[in-house]
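**Q** Below: one structure in structure tokens.
Residue numbers (this note's numbering): 6 to 217.
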């Protein structure tokens, strides 16, 4: 186990050295490299699974808009305070962005570390950075999440779409997004439709109260 932990740390240092030129800094406890922008941050996150023979690594990028995440997660008593700082509004796995399928790397010895780090960087430059540059624009992020498609967890995407359209377009636009996402969740038989409807109801009560 100590050997695998040492391999993991070496991998994170190697990836960190490579992505630092783009302004990303390592937050090791979260397995994440972060670059801040006004009102949020972009991230490169390494998913690391440990096996007896080594590590299996995948990578994803995420974008966080603080106003959205604080509105959704700020009062969440289950999520640890430290983790609340790193929730993302939208994101994608690098392999799916680049090739339409998940991409994983195996690290079984120190000889693998530099090669895997360079390959992660290649995928990040090819697919991750363009995604970050495009959807760090909150208007574009709102458009993406409002589409009738499954990006991550459908009902969570729906909540974030409502928050984004509320921020960018006001209450009427958010109400239209609620209607669209309710219809979409019904169409795909999402088991969490009721949770989304409860969320929408709480927002409507808030909006109605503000108008009184």
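Backbone N, C-alpha and C define an ideal beta-carbon position, used for all residues, glycine too.
In this text the structure is predicted, and so the values were computed from the model without any measurement.
Which word fits residue 42, buried or exposed, when buried means at least 16 other C-beta atoms lie within 10 angstroms of its C-beta?
**A** exposed
**Q** Look up residue 24 in the DSSP assignment and say whether it is helix, strand or coil.
**A** helix
**Q** What is the rounded straight-line gap between the Cα of residue 98 and the Cα of residue 11?
**A** 25 Å
**Q** Answer with buried or exposed for residue 83, where buried requires no fewer than 16 other C-beta atoms within 10 angstroms of its C-beta.
**A** exposed
**Q** In or out: residue 137 buried (at least 16 other Cβ within 10 Å) or exposed?
**A** Counting Cβ neighbours within 10 Å, residue 137 comes out buried, since at least 16 surround it.
**Q** What are the boundary residues of the beta strand (DSSP E) that residue 127 is part of?
**A** Residue 127 -> not in any beta strand (DSSP E); alpha helix (DSSP H) instead, spanning 115-128.
**Q** Since residue 146 and residue 95 are thought to touch, with beta carbons under 8 Å apart, how far apart are those beta carbons, to the nearest angstrom?
**A** 6 Å
**Q** Thinking C-beta only, is residue 24 closer than 8 Å to residue 38?
**A** Residue 24 sits close to residue 38, with the two beta carbons spaced by under 8 Å.
**Q** Is there contact between the stretch 188-197 and the stretch 151-169, where contact requires at least three CB pairs shorter than 8 Å?
**A** yes
**Q** Rounded to whole angstroms, how far is the Cβ of residue 140 from the Cβ of residue 64, which I believe are closer than 8 Å?
**A** Contact between residue 140 and residue 64 is absent: CB atoms are separated by about 17 Å, not below the 8 Å threshold.
**Q** Suppose only complete runs of 4+ residues qualify. What are the alpha helix (DSSP H) ranges in the stretch 85-111, listed by chain order?
**A** As far as the stretch 85-111 is concerned, its whole alpha helix (DSSP H) runs of at least 4 residues are 86-89 and 99-104.
**Q** CB residue 45 to CB residue 71, shorter than 8 Å?
**A** yes
**Q** Check whether the stretch 202-211 and the stretch 100-120 are in contact - that is, three or more C-beta pairs closer than 8 Å.
**A** no
**Q** What's the gap between the Cα of residue 122 and the Cα of residue 203?
**A** So the alpha carbons of these two residues sit roughly 43 Å apart.
**Q** If you follow the beta strand (DSSP E) that residue 64 is in, where does it begin and where does it stop?
**A** Counting along the chain, the beta strand (DSSP E) containing residue 64 begins and ends at 59-70.
**Q** Using the Cα positions of residue 17 and residue 143, report the straight-line distance between them to the nearest angstrom.
**A** 29 Å
**Q** Would you mind reading off the limits of the alpha helix (DSSP H) that contains residue 189?
**A** 176-192
**Q** Can you give me the Cβ contacts of residue 176 inside the same chain, cut-off strictly under 7 Å, excluding the 5 residues immediately before and after it?
**A** In chain order, 212 place their CB closer than 7 Å to the CB of residue 176, counting only its own chain and leaving out the 5 sequence neighbours on each side.
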